[in-house]
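Undergrad: Chains as they are written, first to last, in our numbering: chain A, 8 to 337; chain B, 4 to 327. Before anything else, here's the structure in question.
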Amino acid sequence: MFYFLPREALKNWLSEISKVHEVFVPVSPSGFGPYEGKLYLEKKTKLSAKEFFLPWREVILKFEARPGALPSPVFFEPVKERIIFGVRPCDAKGLTLIEKVFGEDPFFQKRREKTILLGLLCKEPGRECFGWAMGVNPFAGEGLDALFLEQAEGYLVKLLSPKGEKLFKDQEAFEKVGEEAQNSFKKAEKEFLEKHPKAPALEKLKEADLLKLYEADFWEGLALPCLNCGICTFLCPTCYCFDVQDEVVGLEGERVRLPEACMFELYSRHASGHNPRRSPVARFRNRFMHKFKYFLDEYGEPLCVGCGRCNEECPAGINLWEVIRAMSTL
Amino acid sequence: MLTEKIREIAKKLLEEGKIEAFLCYEGTSHPFRNRAVLVKSPEEVKKLLWPSFGVINLATPLQKLKGQKAGILATGCVSRAIVVLIQEGQLKREDLFVVGVPCPGMLDPSKVRDKAPEIIDVIDDLKDEVLIVTPEDKIKFSREELLRNNCQECRHPVPPLYDLLLDFSGREKSPDPYRRVQEIEDLTLEERWQWFEREVLRRCFRCYACRQACPLCYCPTCFVDDSRPQWVGKTRDLIDTALYHLVRAYHLAGRCVDCGSCEAACPMDIPLRLLTKKLEKEALLAFSFEAGLDPEAPLLFTSFDENDPEDFMLTSELKASGKI
Numbered sequence: 008m009f010y011f012l013p014r015e016a017l018k019n020w021l022s023e024i025s026k027v028h029e030v031f032v033p034v035s036p037s038g039f040g041p042y043e044g045k046l047y048l049e050k051k052t053k054l055s056a057k058e059f060f061l062p063w064r065e066v067i068l069k070f071e072a073r074p075g076a077l078p079s080p081v082f083f084e085p086v087k088e089r090i091i092f093g094v095r096p097c098d099a100k101g102l103t104l105i106e107k108v109f110g111e112d113p114f115f116q117k118r119r120e121k122t123i124l125l126g127l128l129c130k131e132p133g134r135e136c137f138g139w140a141m142g143v144n145p146f147a148g149e150g151l152d153a154l155f156l157e158q159a160e161g162y163l164v165k166l167l168s169p170k171g172e173k174l175f176k177d178q179e180a181f182e183k184v185g186e187e188a189q190n191s192f193k194k195a196e197k198e199f200l201e202k203h204p205k206a207p208a209l210e211k212l213k214e215a216d217l218l219k220l221y222e223a224d225f226w227e228g229l230a231l232p233c234l235n236c237g238i239c240t241f242l243c244p245t246c247y248c249f250d251v252q253d254e255v256v257g258l259e260g261e262r263v264r265l266p267e268a269c270m271f272e273l274y275s276r277h278a279s280g281h282n283p284r285r286s287p288v289a290r291f292r293n294r295f296m297h298k299f300k301y302f303l304d305e306y307g308e309p310l311c312v313g314c315g316r317c318n319e320e321c322p323a324g325i326n327l328w329e330v331i332r333a334m335s336t337l
Numbered sequence: 004m005l006t007e008k009i010r011e012i013a014k015k016l017l018e019e020g021k022i023e024a025f026l027c028y029e030g031t032s033h034p035f036r037n038r039a040v041l042v043k044s045p046e047e048v049k050k051l052l053w054p055s056f057g058v059i060n061l062a063t064p065l066q067k068l069k070g071q072k073a074g075i076l077a078t079g080c081v082s083r084a085i086v087v088l089i090q091e092g093q094l095k096r097e098d099l100f101v102v103g104v105p106c107p108g109m110l111d112p113s114k115v116r117d118k119a120p121e122i123i124d125v126i127d128d129l130k131d132e133v134l135i136v137t138p139e140d141k142i143k144f145s146r147e148e149l150l151r152n153n154c155q156e157c158r159h160p161v162p163p164l165y166d167l168l169l170d171f172s173g174r175e176k177s178p179d180p181y182r183r184v185q186e187i188e189d190l191t192l193e194e195r196w197q198w199f200e201r202e203v204l205r206r207c208f209r210c211y212a213c214r215q216a217c218p219l220c221y222c223p224t225c226f227v228d229d230s231r232p233q234w235v236g237k238t239r240d241l242i243d244t245a246l247y248h249l250v251r252a253y254h255l256a257g258r259c260v261d262c263g264s265c266e267a268a269c270p271m272d273i274p275l276r277l278l279t280k281k282l283e284k285e286a287l288l289a290f291s292f293e294a295g296l297d298p299e300a301p302l303l304f305t306s307f308d309e310n311d312p313e314d315f316m317l318t319s320e321l322k323a324s325g326k327i
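So this is what it looks like as structure tokens:
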């Protein structure tokens, strides 16, 4: 089903729904925040909406820090019903990829259940975007409850889930639209897909021999400029690796889960002190093998939605495509 | 022009077998990013270029090459970082062939980025002007405006250590290196804390790019990564983030060469350099010390002079009351 929202009605509508729900929007080029009148929709934000589902600090258990004390049952941080508006389709697709791994994870699932995700299509692909090459069709709106397409006069809204339908059932600002508008959506989708094909590299990567890739001699050269910082992993809408830490103040202990990066030496260091990915090049290789071989072999899709944040923000100037090219032409 | 000179000398050094590899920069598909590259044969030198956006100090990747006889392109701050690394026993002078350049300064990607919605190319004359090329137009900017902050405030554009110095006229010494530090110093204590919280702590998400980019952050295990015992919490708790940034800066006191790699690497554009610049100023004013100028000289923290000022050890109250 499709609706239409006039452009000037957007902010009013966001204020209206803010009275009933918690509403988050992109507030600056850096990222999302609660809606308080500020809205940044020009480009995608540096930090994706991933942080609403894999937060920077998630308490998963509480305990009394004394010998013999038993921990509490699993603890869920209270999450209110919330709406996140302005999520890019590639980022929402990223959540569906994370879900393949976190499908059974109660913390992630709880946050998913409580959230209505409203997507916004980009007017133009950004400089470093390549979502289509990774097989992402932004018009499909995977992972979203509704998708907004900006047009001359306002936004055409496509409903994508029962949650989305429920939300829009009684929103006065939106008018139902007929077949003509729906066709304009389909036309825009068709034009986009014709111009933006899937990369043939993915098929080649599926066929590539895992061990040969692992042992290839290009890794050393590609990894030389890499600083092994965590920028790419933290900005990535699909990177989901985490750490678990016990934080104790006095007698009060909390076990927290937080994002971690495979680029860090500490991430793969075992309790014994042994580290299977001790060298920086081994950690570099692992990130790309995970995204473009292990995950691809396991789930049939790469762990990448082509948002291009890594290419845009890598301080060392590493370009993911050069890595994919090397991997797919071995 | 500088690019040709670099290629020529790299080729010669490789052909003559004086070095096994040459560490420099290459271009990328991104119009305002350069990338470190290591070339091992004379045929490869055509990749090399003078980087207008070589914002990550080459002395950082240089440390991956231990044991190889390597040539390296060195501006003032790269050369100074090498000096500190030699002083601290991290590099061997005889392993290196340093090709120095009197540095014209480099451009700041975050200053260039917002000049036009779409930028195809950036043409830098290395003197006065930068042309930003868009699909429709070429827009002219003064080079000074687009320079990195640390280049604007650079006290040593000419490398203090080199085997060969390229013939080029770089920038003059900055007459006013501590203007931005002064602006923060002029705030009240409370305003300074607010600045630190707003500009640094609330924005940092602990990716550690500042640490990783720094040529002088080479501890095998950083204090934030220690787990037995664990000194610092690892989430975005403000106190933990504050501890990370303060200790990082203090570990660089008397060592930082102000190459600005930390700030350039930061994805959130946090003005990290101001913390280390403040400590650089302290070292200069209190001890007339500047890091990385002479590989034979002692380090700030390994030297003592009876005439060193000691005011900072004593409280002003004691002094005022005449007890000391």
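Cβ atoms here follow ideal geometry from the backbone N, Cα and C, with glycine treated the same way. It should be emphasised that the depicted structure is a prediction, and the values quoted were computed from it without experimental measurement.
Which residues in chain B have a C-beta closer than 8 Å to the C-beta of Ser40(A)? List them in chain order.
TA: Counted from its first residue, the first sequence places residue 40(A) at position 33. Inspection of the sequence shows that residue 40(A) is occupied by Gly rather than by Ser. Simply none; closest approach about 11 Å.
Undergrad: May I ask which residues mark the beginning and end of the alpha helix (DSSP H) holding Pro162(B)?
TA: Reading the second sequence from its first residue, position 159 is the one you call residue 162(B). Pro162(B) -> no alpha helix (DSSP H), and no H or E assigned at all.
Undergrad: Give a yes or no on whether 7 Å exceeds the smallest Cβ distance from Gly324(A) to chain B.
TA: Within the first sequence, residue 324(A) is the residue found at index 317, counting from 1. So, interface residue.
Undergrad: Just by C-beta distance, which residues in the stretch 214–242 of chain A are closer than 7 Å to chain B?
TA: Of all residues in the stretch 214–242 of chain A, only Leu231, Pro232, Leu234, Asn235, Cys236, Gly237, Ile238, Phe241 and Leu242 come within less than 7 Å of chain B when Cβ atoms are compared, listed by chain position.
Undergrad: Determine the extent of the alpha helix (DSSP H) in which Asp304(A) is found, giving its start and end residues.
TA: One-based indexing of the first sequence puts residue 304(A) at position 297. First-last of the alpha helix (DSSP H) with Asp304(A): Phe302 to Tyr306.
Undergrad: Does Thr78(B) come out as helix, strand or coil in the three-state DSSP assignment?
TA: Here residue 78(B) refers to the residue found at position 75 when the second sequence is read from its first residue. Three-state result, Thr78(B): coil.
Undergrad: By Cβ distance below 6 Å, which residues in the same chain neighbour Lys141(B) in space, the five residues on each side in sequence not counted?
TA: On the second sequence, residue 141(B) is found 138 positions in, with the first residue counted as 1. So the list reads Leu134, once near-sequence residues are dropped.
Undergrad: Residue ranges of each alpha helix (DSSP H) run of no fewer than 4 residues wholly in the stretch 27–111 of chain A, ordered along the chain?
TA: 96–109
Undergrad: Can you tell me whether DSSP reads Leu130(A) as helix, strand or coil?
TA: Taking the first sequence and counting its residues from 1, one reaches residue 130(A) at position 123. Here the sequence assigns Lys to residue 130(A), which means Leu is not the residue at that position. The answer is coil: DSSP assigns Lys130(A) none of H, G, I, E or B.
Undergrad: Contact criterion: CB-CB distance below 7 Å. Does Leu265(A) meet it with respect to chain B?
TA: Within the first sequence, residue 265(A) is the residue found at index 258, counting from 1. Taking Cβ atoms only, chain B reaches closer than 7 Å to Leu265(A), which makes this a yes.
Undergrad: Counting beta carbon pairs with one atom in the stretch 72–85 of chain B and one in the stretch 10–28 of chain B, are three or more of them shorter than 8 Å?
TA: yes
Undergrad: Would you mind working out which of Glu210(A), Val263(A), Glu320(A) and Tyr306(A) sits nearest Lys69(A), comparing C-alpha positions?
TA: Taking the first sequence and counting its residues from 1, one reaches residue 69(A) at position 62. Ranking the options by Cα distance to Lys69(A), first place goes to Val263(A).
Undergrad: Name the two residues that bound the continuous alpha helix (DSSP H) containing Phe241(A).
TA: Here residue 241(A) refers to the residue found at position 234 when the first sequence is read from its first residue. Phe241(A) -> alpha helix (DSSP H) spans Ile238 to Leu242.
Undergrad: Return the first residue and the last residue of the beta strand (DSSP E) that Leu163(A) is part of.
TA: In the first sequence, residue 163(A) corresponds to position 156, counting from 1. From DSSP, the beta strand (DSSP E) with Leu163(A) extends over Gly161 to Leu166.
Undergrad: Name the two residues that bound the continuous beta strand (DSSP E) containing Ala39(B).
TA: Here residue 39(B) is taken as the residue at index 36 of the second sequence, counted from 1. Asn37 to Val42 is the span of the beta strand (DSSP E), which, as asked, contains Ala39(B).
Undergrad: Give a yes or no on whether the minimum CB-CB distance between Leu345(A) and chain B is below 7 Å.
TA: Not covered by the structure: residue 345(A). The range shown for chain A is 8 to 337.
Undergrad: With three or more beta-carbon pairs closer than 8 Å as the criterion, would you say the stretch 50–62 of chain B touches the stretch 32–39 of chain B?
TA: yes
Undergrad: So, is Val81(A) buried or exposed, given that buried needs 16 or more other C-beta atoms within 10 angstroms?
TA: Position 74 of the first sequence holds residue 81(A). Within a 10 Å sphere around the beta-carbon of Val81(A) sit fewer than 16 other beta-carbons, which makes this residue exposed.
Undergrad: Kindly indicate if chain B contains any beta-carbon less than 7 Å away from that of Glu254(A).
TA: In the first sequence, counting from the first residue as 1, residue 254(A) sits at position 247. When Cβ-Cβ separations below 7 Å define contact, Glu254(A) makes contact with chain B.
Undergrad: With distances taken from CA atoms, which of Gly237(A), Lys213(A) and Asp152(A) is nearest Tyr247(A)?
TA: As a first step, residue 247(A) is located in the first sequence; it is residue number 240 there, counting from the start. Selected option, being the one with the closest Cα: Gly237(A).
Undergrad: Hey, Tyr338(B) and Arg276(B) are a contact pair by Cβ (cut 8 Å); roughly how many whole angstroms apart?
TA: For chain B, the structure presents residues 4 to 327; residue 338(B) sits outside this window and is missing.
Undergrad: Please decide whether Arg239(B) counts as near chain A, where near means a Cβ-Cβ distance under 7 Å.
TA: For the purposes of this step, residue 239(B) is taken as residue 236 along the second sequence, with counting starting at 1. Cβ-Cβ to chain A under 7 Å: yes for Arg239(B).
Undergrad: Helix, strand or coil for Val125(B), going by three-state DSSP, please let me know.
TA: Start at 1 with the first residue of the second sequence, and residue 125(B) comes out as number 122. If DSSP states are grouped into helix, strand and coil, Val125(B) belongs with the strands.
Undergrad: Could you say if the stretch 252–261 of chain A and the stretch 53–72 of chain A meet the contact criterion of at least three C-beta pairs nearer than 8 Å?
TA: Touching, yes.
Undergrad: Do Leu124(A) and Val94(A) have their CB atoms nearer than 7 Å?
TA: By one-based count along the first sequence, residue 124(A) stands at place 117. By one-based count along the first sequence, residue 94(A) stands at place 87. With a cutoff of 7 Å on beta-carbon distance, Leu124(A) and Val94(A) are scored as near each other.
Undergrad: In the structure shown, what three-state DSSP assignment does Lys143(B) receive?
TA: To locate residue 143(B), count along the second sequence from 1; it is residue 140. If DSSP states are grouped into helix, strand and coil, Lys143(B) belongs with the strands.
Undergrad: Check whether chain B comes within 7 Å of Leu61(A), counting only Cβ atoms and requiring the distance to be less than that.
TA: As a working mapping, residue 61(A) is identified with position 54 in the first sequence. So, not an interface residue.
Undergrad: Name, please, each residue of chain A whose Cβ falls closer than 7 Å to the Cβ of Ser32(B).
TA: Counting from 1 along the second sequence, the entry for residue 32(B) is found at position 29. Simply Asn326.
Undergrad: Residues of chain A with CB closer than 8 Å to the CB of Phe208(B), please, in chain order.
TA: Locating residue 208(B) in the second sequence gives position 205, counting from the first residue. Under the 8 Å cutoff, chain A gives Leu54, Trp63 and Phe241.
Undergrad: Starting from the beta carbon of Asp228(B), find every residue of chain A whose beta carbon is closer than 9 Å, and list them in chain order.
TA: Within the second sequence, residue 228(B) is the residue found at index 225, counting from 1. Per Cβ cutoff of 9 Å: Phe271, Glu272, Leu273 and Arg276.
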